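Numbering (the working numbering), first residue to last: 69 to 227.
Comments concern the structure below.
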Ligand code: HEM
């Protein structure tokens, strides 16, 4: 294989990957309504894609980054780690085979002084990500219902 062919093959693979993963969401309707949310979402490939896109937008958001304590955590450098932990958490909460081993939500957000406004913006960014990935309404609502109870530990936690 020539270098050019190899480059084209690699590039083709990289471009095809997100589309394949997006297809995972599109096929979620093939799962029975009573299947665990994890399966209806499309499992780890789909969940990790959604979390990755969400975190990328989250750490670029001016309102979120206007919180100096959040910006100071060097969230950009920490992004791969946060993506991993949030993926594991969503996987576990949605009935998947993962076990979340990170900090509890109060510890993780202690001292950040996250406000109600920042929380609402985070939800907006999350919903926009799910819309872009064409996650159906029912599954979106179930995800929001899973994250909702963490609010009291995150908003103004120790702040
Ligand atoms: C406006 C809302 C939020 C803000 C500003 C925020 C900000 C942050 C920041 C700055 C960190 C890094 C802390 C550090 O490095 O010590 C972090 C970690 C983390 N956050 Fe959030 N977060 C928010 C909401 C959420 C939500 C809704 C979840 C999931 C339910 C979540 C899950 C996590 C996890 C799993 C970690 C890593 C915990 C660990 O280090 O083990 N966050 N967050």
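All C-beta atoms in this analysis are idealised placements derived from N, C-alpha and C, irrespective of residue type, glycine included.
All values derive from a computational prediction rather than experimental measurement.
The nearest non-hydrogen atom of ligand 1 is 8 angstroms or more from the C-beta of residue 196.
With a cut-off of 8 angstroms, the C-beta of residue 189 is classified as near ligand 1, since at least one heavy atom of the ligand falls inside that distance. Taking C-beta atoms under 8 angstroms as the contact rule, residue 122 and residue 197 qualify, at a distance of about 4 angstroms. Per DSSP, the unbroken alpha helix (DSSP H) holding residue 144 starts and ends at 143 to 161. Between the alpha carbons of residue 118 and residue 127 lies a gap of roughly 14 angstroms. Going by DSSP, residue 208 is part of the alpha helix (DSSP H) stretching over 205 to 215. A Cβ-Cβ contact shorter than 9 angstroms links residue 160 with residue 168.
For a cut-off of 8 angstroms, the C-beta gap from residue 109 to residue 203 is around 7 angstroms, short enough to register as a contact. Partner residues in the beta bridge of residue 223, as assigned by DSSP, are 182.
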